[in-house]
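Asks: For reference, each letter of the sequence shown is one residue, going 2 to 403 in this note's numbering. Quick reminder that beta carbons are idealized off the backbone N, C-alpha and C, glycines included. This one's a predicted model, so the numbers in the text were calculated from it and none came from an experiment.
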Amino acid sequence: MSANTAMTWWGRWVGLGLLVAAGWGCARFRSPPPPSPPAVEQPDRENMETTAELSEPAAPEPGADGAPPDKDAEDPAAPERLVVDEQRVEGLQNHELQQQHEGLEQSILRKNNKMTRWLDHAHETWYRRLDNSVRRADTRWLSSDTTYEPELSTFRLCLLGRAGGTSRQDDYDMKVRFRGDVALPGLENKLHLVLENVDDGALPGLDPMSRDEKTQLGLRTVWDTLLNNEMEAGLGLKWRNSNPVVYLELQWKWEREMGGGRLRLNPRGVYYSDEGFGQVTSLSWTKHLNDRMRFQIRTAERSSESREGVNFEQTFRFAWLRSGTGRGWVAQASVFPSILSSDWIWEDTLVNVTWRDAFYRRWIYYTITPQLQFPKVDQYEPCFSIQVGIEILFGGRMRDWI
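#1: Using 10 angstroms around the beta-carbon of Glu91, count the other beta-carbons present and answer buried if the total reaches 16, otherwise exposed.
#2: Taking the continuous alpha helix (DSSP H) assigned at Leu93, which residues delimit it?
#3: Rounded to whole angstroms, how far is the Cβ of Phe313 from the Cβ of Pro338, which I believe are closer than 8 Å?
#4: Name the DSSP bridge partner or partners of Leu192?
#5: Determine whether the beta carbon atoms of Arg357 and Ala320 lie at a separation below 7 Å.
#6: Using CA coordinates, which residue listed in Val336, Thr355, Asn353, Val352 is at the minimum distance from Ile346?
#7: Run through the DSSP bridge pairs and tell me what Arg111 is partnered with.
#8: Can you list, in chain order, the residues of its chain with a C-beta nearer than 8 Å to that of Asp379? Leave out the 5 residues immediately preceding and following it.
#9: List the DSSP bridge partners of Thr126.
#10: On the DSSP bridge assignment, give the partners of Gly319 in chain order.
#11: Taking the alpha carbon of Gly181 as the point to measure from, which residue in Ile369, Ile403, Phe395 has its own alpha carbon closest?
#12: Could you tell me the alpha carbon to alpha carbon distance between Lys215 and Val246, rounded to whole angstroms?
#13: When the distance is taken between beta carbons, is Leu251 closer than 7 Å to Gly277?
#14: Flag this pair as touching only if the segment 228-243 and the segment 203-210 have three or more C-beta atom pairs under 8 Å; answer yes or no.
#15: With 16 other CB atoms within 10 Å as the buried threshold, where does Arg400 fall?
#16: To the nearest whole angstrom, what separates the beta carbons of Thr155 and Tyr149, a pair I think is in contact under 8 Å?
#17: Excluding the 5 residues flanking Ala203 on each side, which residues of the same chain have their C-beta closer than 7 Å to its C-beta?
#18: How should Gly390 be labelled, buried or exposed, when 16 other C-beta atoms within 10 angstroms of its C-beta is the threshold for buried?
#19: Just confirm the distance between the C-beta atoms of Lys239 and Gly261, as a whole number of angstroms; I'd bet it's less than 8 Å.
#20: Spatial neighbours of Gln388 within its chain, please: C-beta separation below 6 Å, excluding the five flanking residues on both sides.
#21: When the Cα atoms are used, what is the spatial distance from His193 to Ser283?
#22: Would you identify the three-state DSSP class for Leu236, choosing helix, strand or coil?
#23: Considering just the uninterrupted stretch of the beta strand (DSSP E) at Phe156, what are its terminal residues?
#24: I need the DSSP call for Asn133, collapsed to helix, strand or coil.
#25: Does DSSP put Ala40 in a helix, a strand or coil?
#26: Considering Cα atoms alone, identify which of Ala301, Glu197, Glu125, Glu81 is closest to Leu93.
#27: Does the Cβ of Asn291 have 16 or more other Cβ atoms within 10 Å, making it buried, or fewer, making it exposed?
#28: Flag this pair as yes or no: are the beta carbons of Tyr361 and Leu110 separated by less than 7 Å?
#29: On the DSSP bridge list, what partners appear for Ala359?
#30: Roughly how many angstroms separate the alpha carbons of Thr447 and Val281, rounded to a whole number?
#31: In terms of residues, what are the limits of the beta strand (DSSP E) holding Arg263?
#32: Using CA atoms only, rank isn't needed, just tell me which of Ser285, Tyr248, Leu249 is closest to Leu264.
If you want it as C-alpha cells, here you go:
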C-alpha cells in the first residue's frame, strides 16, 4: 500500500471519530429529561363497582312513567294483526306459474339450457315478489278476526315497435305499455287497483300505435247484474301533461246467443274533470265457423264534450286460431267515418294481418302485423307499416284473439 493511500484511510477514520465525539459532547449539554411521575396507587376495583352501583339511579321499567317508549313493543290493547295462510298463497301462486310454464313444445324457444332456466327463475321470482308485496300492503291494517280470502294479482308488460306509417307518424317508433291488475280483497270483495297506460276510450279497431298512452291509476270493481251480465265501475286519476285528472267510469257488458253467434254490447261512459263526459259503445257479433275459425262484425262509436262530431268504426275480422283462443292469424278490415255538423267525413281505412304466437312457454308472446292504411291526411294514398310486439305476462292469461 502506498503512503498516500494510507494517509487517506487514516484521515477518514479520524474524521469519523471526531463526528462521534462531537455528537456525544452535545448530548451532555442537553436539558435533563423530566422526572418520571410518581406511581399512582391503583384503586380497589371491588370498592369502585360497589360505589358505582350505589350512586347510579335504578333504570325505570319498560312502560313506566318517564321511560322512553319501546318502538318494538306492541300495544297489548291493540288487536293482533292478520296472519295470512302462506301455504294457501304459495299453492295459488304455484298453480298459476305451472300453467304459465306449460306449452314449451309449442313455443319458438324450446331448449332447456342455462338461459331458459334463468328466464324461468327470474319470472317466478319477480311474480312472487310483486304479488306478495301487494298482499302485505292489503293486510297491513287488518286484524286477526278479519275473514280474508287471498287473490292473485296480475301484471303485463308490452313492447311495441313500428316502421313506416302515415305522414303524421315518425318513420320509426317504439312504445311501452303496461298494466297491473292489483287484487285488494282486504278492502272489499272484487275491488281491484288498476295501473295502466292504455287508452280505454279509443275505438277498439284503431291502430294500437296511435292510441293515447297517458298513465292512469284507479280503483275498479265488478259485480254481476241480472241475467249474468257484468257491470264495472271505476274511480281514479289520469295524468295528462304531468297534471292529475280525476275520472269516473261505468261500463256494462251484455251478451246473448243470437243467429248462431254471440252478440255482445259494451257501452262505457267516463267523466274527466278537465274534459267533461265522454262515451264509447261497441256492438259485435261473433260466429264460430269451426273449432279454429272465427268471423266477427263490429260496430263502434265514440263521442265526448271535448271533441267535435262523432267518430264511428265498422270492422270485419276473420281469425284462424293455432291452439287455444289467443294464438294464430287475424285479418282485419276497418273503416273510420265521422260526422261533423251533419257532414260525413271518411277519416281512414285500415287493412292488416296479425300473427301472434308463443315465444317462450305461455308467458312471453310475440306479434307481427303488416298493415296498409288509406288516411285522409295523406289524400287517401296507401301508407304501409309493419309492427312487432313482445308481451310478457306475470300471472293471468293471454287475452282472446277474437
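Replies: The short version:
#1: exposed
#2: 87-101
#3: 5 Å
#4: Thr222
#5: Not closer than 7 Å, so no.
#6: Val336
#7: The beta-bridge partner set that DSSP reports for Arg111 is empty.
#8: Excluding its 5 nearest sequence neighbours in each direction, Asp379 has C-beta neighbours in its own chain below 8 Å: Thr167, Ser168, listed in chain order.
#9: By DSSP's assignment, Thr126 forms no beta bridge with any residue.
#10: The amino acid occupying residue 319 in the given sequence is Phe; Gly does not appear at that position. Paired residue(s): Phe296, Ala332.
#11: Phe395
#12: In this structure, the CA atom of Lys215 is about 11 Å from the CA atom of Val246.
#13: no
#14: no
#15: exposed
#16: So it is not a contact: roughly 19 Å between Cβ atoms.
#17: Arg212, Asp213
#18: buried
#19: Not a contact, Cβ separation roughly 40 Å.
#20: Arg163, Thr370
#21: Cα to Cα, His193 sits roughly 24 Å from Ser283.
#22: Strand, per DSSP.
#23: 155-165
#24: helix
#25: Here Ala40 scores only 45 on pLDDT, less than 50, and its place in the model is too uncertain to base an answer on.
#26: Glu125
#27: exposed
#28: yes
#29: Tyr366
#30: Absent from the structure is residue 447, since the part of the chain shown begins at 2 and ends at 403.
#31: Arg263 -> beta strand (DSSP E) spans 262-273.
#32: Ser285
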